[in-house]
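Colleague:
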Amino acid sequence: QAPALQAGSVFVYPPGGIDEATLRKYLVEGIGERRLDGFGRVAINLNKQETLNKNIDTIREVPPVVSVESLSEESRELACRLAARRLKNMLDQRLLKAIDPLSIDNPPENAQLNRLREVARQAWYKGMPELILNHLKNLRAAGEQFKRARVGGKSARGEGKRLYTWLNEGIGQEKIWADYLEVRPPRIAGVTAEITKALKLEYTVRLLEALLRKTIRERQEGGAL
12 QAPALQAGSV
22 FVYPPGGIDE
32 ATLRKYLVEG
42 IGERRLDGFG
52 RVAINLNKQE
62 TLNKNIDTIR
72 EVPPVVSVES
82 LSEESRELAC
92 RLAARRLKNM
102 LDQRLLKAID
112 PLSIDNPPEN
122 AQLNRLREVA
132 RQAWYKGMPE
142 LILNHLKNLR
152 AAGEQFKRAR
162 VGGKSARGEG
172 KRLYTWLNEG
182 IGQEKIWADY
192 LEVRPPRIAG
202 VTAEITKALK
212 LEYTVRLLEA
222 LLRKTIRERQ
232 EGGAL
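Taking the numbering used here, the leading residue of the sequence shown gets 12, the next gets one more, and so forth.
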């Protein structure tokens with residue numbers, strides 16, 4: 012048996028009088044009897060630095076800003092639809108969150124609440140919020156019921172207000188929108204969703220409709236009219 016060196020051994024020699032052609036031959040062919048098995052490889056000046064340093068680029072790549080002007084007409088229309096859809100989803104979530112804690116204490120009779128629901132729907136369909144204000148203004152004896160009733164709820168900003176006042180301010184001054192529904196419009200591909208008067212009225216009426224329906228249902232479950 013012939014003595015063998017441990018696999019993976021590395022030997023370093025100082026440069027001698029070997030000519031360049033011989034070095035190239037060793038680099039290509041290697042040395043020793045087991046070159047076909049991967050042994051005897053030769054490297055010259057493999058690492059020219061005493062220590063290796065790793066540099067990590069900490070500069071984050073900033074995505075290019077897409078401007079509306081750079082979009083095609085088709086892309087702009089798509090961005091508008093996507094932004095509008097996202098806005099509606101956001102408002103739906105706000106509506107659900109707002110209606111849960113809201114309630115009406117000492118509410119008017121169900122007949123009066125149902126009449127207000129009808130007027131509110133007409134105001135939405137016709138785009139005329141003043142129909143609700145005119146209805147409240149023209150209430151006579153029933154008006155006292157709305158003035159006795161109060162808006163309640165742990166997170167309601169109008170908590171403790173008379174229902175009559177809450178409705179007038181909520182519709183006339185858009186306080187229902189501002190207090191319960193307002194969101195920051197989303198922006199997609201440089202296109203910002205538009206919050207129109209019609210959209211504000213739609214969600215204001217939907218909140219009012221949900222509150223009135225909830226109040227009527229709770230009263231019916233309690234056996235009152």
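A virtual CB, placed ideally from N, CA and C, is assigned to each residue, including glycine.
Note that this is a predicted model, so its numbers are computed, not measured.
Are the Cβ atoms of L124 and T215 separated by less than 8 Å?
Modeller: Translated into positions along the sequence shown, residue 124 becomes position 113. Translated into positions along the sequence shown, residue 215 becomes position 204. In this structure, T215 does not lie closer than 8 Å to L124 by Cβ.
Colleague: When you compare the segment 200-212 with the segment 93-101, are there three or more beta-carbon pairs, one atom per stretch, that lie closer than 8 Å?
Modeller: The answer is yes - the segment 93-101 touches the segment 200-212, with three or more Cβ pairs under 8 Å.
Colleague: Counting along the chain, where does the alpha helix (DSSP H) carrying D103 start and finish?
Modeller: Here residue 103 refers to the residue found at position 92 when the sequence shown is read from its first residue. Element bounds for D103: E84 to I110.
Colleague: Kindly indicate which three-state DSSP category R132 falls into: helix, strand or coil?
Modeller: Your numbering for residue 132 matches position 121 in the sequence shown. Three-state DSSP puts R132 in a helix.
Colleague: Pick from S86, P140 and I115: whose alpha carbon is nearest that of R230?
Modeller: Counting from 1 along the sequence shown, the entry for residue 230 is found at position 219. The shortest C-alpha separation from R230 is found at I115.
Colleague: Return the residue from the list Y175, N117 and A122 that minimises the CA-CA distance to N145.
Modeller: As a position in the sequence shown, residue 145 is number 134, starting the count at 1. Out of Y175, N117 and A122, Y175 has the C-alpha closest to the C-alpha of N145.
Colleague: Terminal residues of the continuous beta strand (DSSP E) containing V162?
Modeller: Taking the first residue of the sequence shown as position 1, residue 162 is located at position 151. Start and end: R161 to G163.
Colleague: For a quick check, are the C-beta atoms of L192 and R105 less than 8 Å apart?
Modeller: Taking the sequence shown and counting its residues from 1, the one referred to as residue 192 is at position 181. Taking the sequence shown and counting its residues from 1, the one referred to as residue 105 is at position 94. Yes; because the gap between Cβ atoms is below 8 Å, this pair is in contact.
Colleague: Go to I115, then tell me how far its alpha helix (DSSP H) extends in each direction, as first and last residue.
Modeller: For this step, residue 115 is matched to residue 104 along the sequence shown. Element bounds for I115: not the alpha helix (DSSP H) but the beta strand (DSSP E), S114 to D116.
Colleague: Between which two residues does the alpha helix (DSSP H) carrying T226 extend?
Modeller: Mapped onto the sequence shown, residue 226 falls at position 215. Where T226 is concerned, the enclosing alpha helix (DSSP H) stretches over K208 to E232.
Colleague: Determine the contact status of A221 and I110, defining contact as a CB-CB distance below 8 Å.
Modeller: On the sequence shown, residue 221 is found 210 positions in, with the first residue counted as 1. On the sequence shown, residue 110 is found 99 positions in, with the first residue counted as 1. Against a cut-off of 8 Å, the Cβ pair of I110 and A221 comes out as a contact.
Colleague: Rounded to the nearest angstrom, what separates G154 and W177 at their Cα positions?
Modeller: Locating residue 154 in the sequence shown gives position 143, where the first residue counts as 1. Locating residue 177 in the sequence shown gives position 166, where the first residue counts as 1. Their Cα atoms are separated by approximately 13 Å.
Colleague: Between the alpha carbons of D30 and S20, how many angstroms are there, rounded?
Modeller: To locate residue 30, count along the sequence shown from 1; it is residue 19. To locate residue 20, count along the sequence shown from 1; it is residue 9. If I take the Cα positions, the gap works out to 25 Å.
Colleague: Can you tell me whether Q12 is buried or exposed? The criterion is at least 16 other CB atoms within 10 Å of its CB, across all chains shown.
Modeller: In the sequence shown, residue 12 corresponds to position 1, counting from 1. Because the pLDDT at Q12 is just 48, under 50, the model does not fix this residue reliably, and the value given afterwards should be weighed accordingly. Its Cβ having fewer than 16 others within 10 Å, Q12 is exposed.
Colleague: Could you check the C-alpha separation between S166 and I187 for me, to the nearest Å?
Modeller: Walking along the sequence shown from the start, residue 166 turns up at place 155. Walking along the sequence shown from the start, residue 187 turns up at place 176. Model confidence at S166 stands at a pLDDT of 46, short of 50, so the residue's coordinates are unreliable; what they give is reported in the following sentence. Cα to Cα, S166 sits roughly 13 Å from I187.
Colleague: So, for E185: in the same chain, excluding its five sequence neighbours on each side, which residues have a beta-carbon less than 8 Å away from its beta-carbon?
Modeller: Here the question's residue 185 lines up with position 174 in the sequence shown. Excluding sequence neighbours, E185 sits near K211 and T215.
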